[in-house]
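Presented below is the structure to which this report refers.
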Amino acid sequence: MEAASASRVSALVLDWYRRNARVFPWRMGPEETRVGLRQDPYLVWLSEIMLQQTTTAHAEPYFQRFRSRWPTVHALGRASWEDVSSAWAGLGYYSRARNLAACARIVSEVGGFPEDFHALRDLPGIGPYTAAAIAAIAFGRRVAPVDGNIERVVSRLAAIGGEPDGPGLRLVRRRVESAAQSLFDNLEEGAPSGDLAQGLMDLGARICSPRRPACSVCPVAAECVAQAQGRPEAYPVKAPRSLRPNRYGAAFVPVRPDGAVFVVRRPPKGLLGGMTMPLTTPWGDAPFFELPEGAPAAAWRRMGEVSHVFTHFALSLQVWRADVGQGDVLVEEGRWVPQEEAIVMLPSLGRKILRNALSADASPKARGSL
DNA sequence: AATGCGGGGGT
DNA sequence: ACCCCAGCATT
């Protein structure tokens with residue numbers, strides 16, 4: 021983007037943001053940044069990790085709980101994986117929780133967050149976007165954090181990637197990043213970099229939306245090439261999406277007379293890595309109806325079926341329950357947990373399984389076919 | 001450069 | 001049914 025245009029856009033977005041900023045618990049308002057205040061890097065980091073591919077509404081209650089339970093990076097650095105994974109359960113992308121804990125330990129050890137983009141980028145769970153966001157918002161560095169919002173805003177402003185038979189996605193992405201960076205390079209002297217970043221994100225979230233952008237009320241519509249073309253929704257260009265296959269499996273929920281349920285810890289990497297879950301079979305490509313091989317010896321009753329959609333496949337699980345004796349041992353690795361504790365520490369799929377297994381009316385009728 | 005990785009809400 | 005969301009790590 022040309023310097024003159026970039027300079028106008030930066031100023032307009034900043035002005036718009038000062039009157040229209042969204043309010044979030046992790047954010048410092050524009051009236052505060054105006055007098056030179058900056059948000060706590062720990063809270064910026066914590067929120068940015070939670071917000072990776074996650075809506076603000078979904079992340080917000082998690083952020084509040086983490087902040088009150090672990091007010092500093094040092095407190096979080098001392099937390100057990102048991103506690104962190106339980107607090108993260110339901111938020112998804114659980115490698116984030118593992119990296120969060122690892123990053124907190126490192127940062128606590130060295131005494132605080134580095135202020136440099138590259139040093140931030142080298143920490144676990146912090147990629148180019150998050151490093152730039154922390155550098156800009158917490159430390160005032162003039163580096164562009166190109167998230168989905170800013171990619172959309174900038175690609176429309178400069179009409180990058182719209183031409184049919186144009187450059188590949190890789191090059192398009194580089195052009196978008198370059199244009200975004202030019203907005204920060206041409207930001208007025210002394211203006212808060214973090215406010216420009218958050219202003220561009222708010223603009224993308226509230227005005228420059230994916231489907232029906234509200235160009236009539238957009239503060240930078242006059243600078244927007246896509247708007248001039250009359251087809252803002254044509255940007256940004258997206259890679260074609262692959263289809264989502266169905267997979268099938270079974271889950272086993274042993275229940276003790278005292279009401280405790282049996283759960284296991286999943287392997288540290290991969291799907292739901294490191295999370296507590298009910299026992300399940302591996303999943304396969306075809307549905308089945310009988311009790312699968314590998315179920316621990318017990319009097320299993322088939323309850324219902326739960327469905328869950330992951331990023332790259334859809335899963336449906338038959339749920340089996342067995343009411344076992346108080347002293348029975350099922351498999352070596354695993355433990356008994358009271359139902360009400362289990363339900364909060366499990367990821368969403370685990371909660372669905374548990375709810376189904378424990379539902380009062382799960383009975384013969386729930387044994388329907390697939 | 002492609003793939004794996006959650007979950008929920010909007011349309 | 002499809003889209004998208006303050007993306008990152010691994011291959």
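Numbering of the first sequence is given in the numbering used here, commencing with residue 21 and proceeding in unit increments. Cβ atoms here follow ideal geometry from the backbone N, Cα and C, with glycine treated the same way. Please read these numbers as outputs of a predicted model, since none were measured by experiment.
If distances are taken between C-alpha atoms only, which option among R264, R39 and R162 comes closest to L207? Put simply, of R264, R39 and R162 the residue whose alpha carbon is nearest the alpha carbon of L207 is R162.
Compute the Euclidean distance between the alpha carbons of S67 and A164, then round it to the nearest angstrom. Taking the straight line from one Cα to the other gives about 17 Å.
Name, in chain order, the residues that DSSP records as bridge partners for N266. Partner(s): A334.
Are the beta-carbon atoms belonging to G219 and Y37 less than 8 Å from one another? In this structure, Y37 lies closer than 8 Å to G219 by Cβ.
DSSP has D343 in a bridge; who is on the other side? Answer is V275, bridged to D343.
Close beta carbons around G168, own chain, < 8 Å, minus the five adjacent residues each side: Taking G168 as the centre and dropping the five residues before and after it, the same chain places the C-beta of G224 closer than 8 Å to its C-beta, in chain order.
Beta-carbon separation of V245 and V192 under 8 Å? No, they are not a contact pair.
Cα-Cα separation between L57 and D142, rounded to whole angstroms: Our two residues, L57 and D142, have alpha carbons roughly 26 Å apart in a direct line.
Buried or exposed, going by whether 16 or more other CB atoms sit within 10 Å of the CB of V43? Classification for V43: exposed.
Residues in its own chain within less than 8 Å of A153 by CB, not counting five upstream and five downstream? Counting only Cβ-Cβ distances below 8 Å, and skipping sequence neighbours, we find V64, E68, P165, D167 and A217.
Straight-line gap, C235 to I170 (C-alpha atoms, nearest Å): Looking at the two C-alpha atoms, the distance is approximately 16 Å.
Along the chain, where does the alpha helix (DSSP H) that runs through R172 open and close? G168 to L177 is the span of the alpha helix (DSSP H), which, as asked, contains R172.
Suppose the cutoff is 7 Å on Cβ atoms and the five residues either side in sequence are ignored; what does the same chain contact list for F308 look like? Within the same chain, and ignoring the five residues on either side of F308 in sequence, the residues whose Cβ sits closer than 7 Å to its Cβ are Y268.
Cβ shell of A334 (< 8 Å), same chain only, five flanking positions each side left out: Excluding sequence positions up to five before and after A334, its CB lies within less than 8 Å of the CB of R264, P265, N266, R267, S327 and H328, all in the same chain and listed in chain order.
Residue from G97, F83, V33 and D60 with nearest C-alpha to C123: Nearest C-alpha to C123: G97.
Within 10 angstroms of its Cβ, does K385 collect 16 or more other Cβ (buried), or is it exposed? Caution applies to K385, whose pLDDT of 40 falls short of 50 and renders its modelled position unreliable; the value that the coordinates give is listed next. Burial call: exposed.
I need the straight-line Cα distance from V344 to A280, nearest angstrom please. Approximately 10 Å, taken between the alpha carbons.
So what does DSSP say about R28, is it helix, strand or coil? Note: R28 maps to helix in three-state DSSP.
Go through its chain and collect everything with a Cβ distance to G160's Cβ below 7 Å, but skip five positions before and after it. Contacts found: R58, P212, S213 and G214.
In whole angstroms, what is the alpha-carbon distance linking E352 and R116? About 28 Å.
Secondary structure at M21, three-state DSSP: helix, strand or coil? DSSP places M21 in the coil class of the three-state scheme, outside both helix and strand.
Tell me whether G97 sits in a helix, a strand or coil according to DSSP, three-state version. When secondary structure is reduced to three states using DSSP, G97 falls in the helix class.
Quick check on the DSSP output: the alpha helix (DSSP H) that includes F86 runs from which residue to which? Element bounds for F86: T76 to R89.
Here's a check: name, in chain order, each residue in its chain whose Cβ is nearer than 6 Å to the Cβ of N119, leaving out the five neighbours to either side. Cβ within range, chain order: P144 and G145.
Measuring only the C-alpha atoms, how far is V93 from P367? Their backbone Cα atoms lie some 24 Å apart in a straight line.
Looking at C-beta atoms only, is the number of pairs between the stretch 287-294 and the stretch 239-255 that lie closer than 8 Å three or more? The answer is no - the stretch 239-255 does not touch the stretch 287-294, with fewer than three Cβ pairs under 8 Å.
Express the C-alpha separation of V283 and R41 in angstroms, rounding to a whole number. For the sequence presented, residue 41 should be read as Ala rather than Arg. Using only the alpha carbons, I get a separation of about 44 Å.
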